[in-house]
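In the numbering used here, the protein residues as written are 16 to 280. Inspection log for the structure reproduced underneath, given as structure tokens.
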Ligand SMILES: Nc1ncnc2c1ncn2[C@@H]1O[C@H](COP(=O)(O)OP(=O)(O)OP(=O)(O)O)[C@@H](O)[C@H]1O
Ligand SMILES: [Mg+2]
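In structure tokens, the structure reads:
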């Protein structure tokens, strides 16, 4: 189960920014505090893949950190499966990180970490192999992370996430820094993985196409103080193709405009 209820969530930080005269209201300074997230309400269903978009610095990572329990909200609360979040929970949530692999462990050992509950060594190895095959890293089981390319490391991290089998997976810009083809491949792998495990995935991206191709839902956050400016369920059939779906293309242009780009590239 991985349902998430975000209720009237706000976050302020100590304001260390110099505010230009006349712009005080624009970034909502309350004395020495600066408001980053304001009155966020979201109800996320178990199994939903929600893609978050928004300008740089608007608070996407902050929101995910609060959901993951790494930070406390200033106001409001987050409930996961009906229980308030009071801190990080490795049982429920897996935070996908760029360099989340343990460098002193092989690919196989890293992936096996999430399967320690399996008593039989043979069962464990079989499952480890299954996840490694799924992300097409067979042949690299005994490699250490430093012996893999950046894209292969991300795929190994994906296999690790699959092995952990969390209720909720949090991915903050998981494709950043990847070359175009690896990015496309990883995107496809995450979509396939989601179709297979049907767990809740919260994914932050700067790439409108990623959000449209992947998401069951898109949430767009506005500028500071950040509110939800669009929350749209995407019921386009998969696999999604802009050329074959005029509605999807139209929404793409709409999102570019909403995010301040006048023509979609
Ligand atoms: N610990 C902190 N203390 C003070 N301010 C913070 C802290 N963490 C984040 N902020 C501020 O909160 C705002 C939102 O930051 P956040 O990292 O959530 O943005 P983001 O939407 O993830 O940006 P990007 O797309 O560039 O990753 C920024 O103005 C940042 O300076
Ligand atoms: Mg961020």
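Ideal Cβ placement from N, Cα and C applies to all residues, glycine included.
Less than 8 Å between the CB atoms is what I'm expecting for residue i and residue j, so what's the real figure, rounded?
{"i": "residue 68", "j": "residue 217", "result": "Their Cβ separation, rounded to whole angstroms, is 12 Å, which puts residue 68 and residue 217 out of contact at 8 Å."}
{"i": "residue 83", "j": "residue 108", "result": "5 Å"}
{"i": "residue 197", "j": "residue 52", "result": "Between residue 52 and residue 197 the Cβ distance is about 32 Å, and since that is not below 8 Å, they are no contact."}
{"i": "residue 26", "j": "residue 74", "result": "7 Å"}
{"i": "residue 267", "j": "residue 223", "result": "6 Å"}
{"i": "residue 57", "j": "residue 244", "result": "Not really, about 13 Å apart at Cβ, beyond 8 Å."}
{"i": "residue 65", "j": "residue 230", "result": "6 Å"}
{"i": "residue 116", "j": "residue 171", "result": "6 Å"}
{"i": "residue 125", "j": "residue 175", "result": "5 Å"}
{"i": "residue 81", "j": "residue 88", "result": "5 Å"}
At a cut-off of 7 Å, is residue i close to ligand 2 when judged by its beta-carbon and the heavy atoms of the ligand?
{"i": "residue 205", "result": "no"}
With a threshold of 16 other CB atoms inside 10 Å of the CB of residue i, please say whether the residue is buried or exposed.
{"i": "residue 50", "result": "buried"}
{"i": "residue 194", "result": "exposed"}
{"i": "residue 209", "result": "buried"}
{"i": "residue 168", "result": "buried"}
{"i": "residue 248", "result": "exposed"}
{"i": "residue 277", "result": "exposed"}
{"i": "residue 15", "result": "Here the chain has residues from 16 to 280 only, and residue 15 is not among them."}
{"i": "residue 259", "result": "exposed"}
{"i": "residue 184", "result": "buried"}
{"i": "residue 214", "result": "buried"}
{"i": "residue 181", "result": "buried"}
{"i": "residue 207", "result": "exposed"}
{"i": "residue 29", "result": "exposed"}
{"i": "residue 220", "result": "buried"}
{"i": "residue 272", "result": "exposed"}
{"i": "residue 165", "result": "exposed"}
{"i": "residue 191", "result": "exposed"}
{"i": "residue 102", "result": "exposed"}
{"i": "residue 17", "result": "buried"}
{"i": "residue 63", "result": "buried"}
{"i": "residue 211", "result": "exposed"}
{"i": "residue 256", "result": "exposed"}
{"i": "residue 118", "result": "exposed"}
{"i": "residue 3", "result": "The structure shown has nothing for residue 3, since the chain only spans 16 to 280."}
{"i": "residue 202", "result": "buried"}
So what does residue i bridge to, in DSSP terms?
{"i": "residue 248", "result": "232"}
{"i": "residue 204", "result": "Looking at the DSSP assignment, residue 204 forms no beta bridge with any residue, so it has no partner."}
{"i": "residue 254", "result": "DSSP, once it has assigned bridges, lists no residue as partnering residue 254."}
{"i": "residue 94", "result": "20 and 99"}
{"i": "residue 243", "result": "236"}
{"i": "residue 183", "result": "108 and 215"}
{"i": "residue 64", "result": "216"}
{"i": "residue 58", "result": "20"}
{"i": "residue 29", "result": "48"}
Please determine whether the Cβ atom of residue i lies at a distance below 7 Å from any heavy atom of ligand 1.
{"i": "residue 73", "result": "yes"}
{"i": "residue 226", "result": "no"}
{"i": "residue 51", "result": "yes"}
{"i": "residue 69", "result": "yes"}
{"i": "residue 29", "result": "yes"}
Quick one: does the C-beta of residue i sit closer than 7 Å to a heavy atom of ligand 3?
{"i": "residue 106", "result": "With respect to small molecules bound, the structure shown includes ligand 1 and ligand 2 and not ligand 3."}
Handout entry: Distance cut 7 Å, beta-carbon to ligand 2 heavy atom: residue list by chain order
Key = Ordered along the chain, the selected set is 75, 76, 187, 188 and 219.
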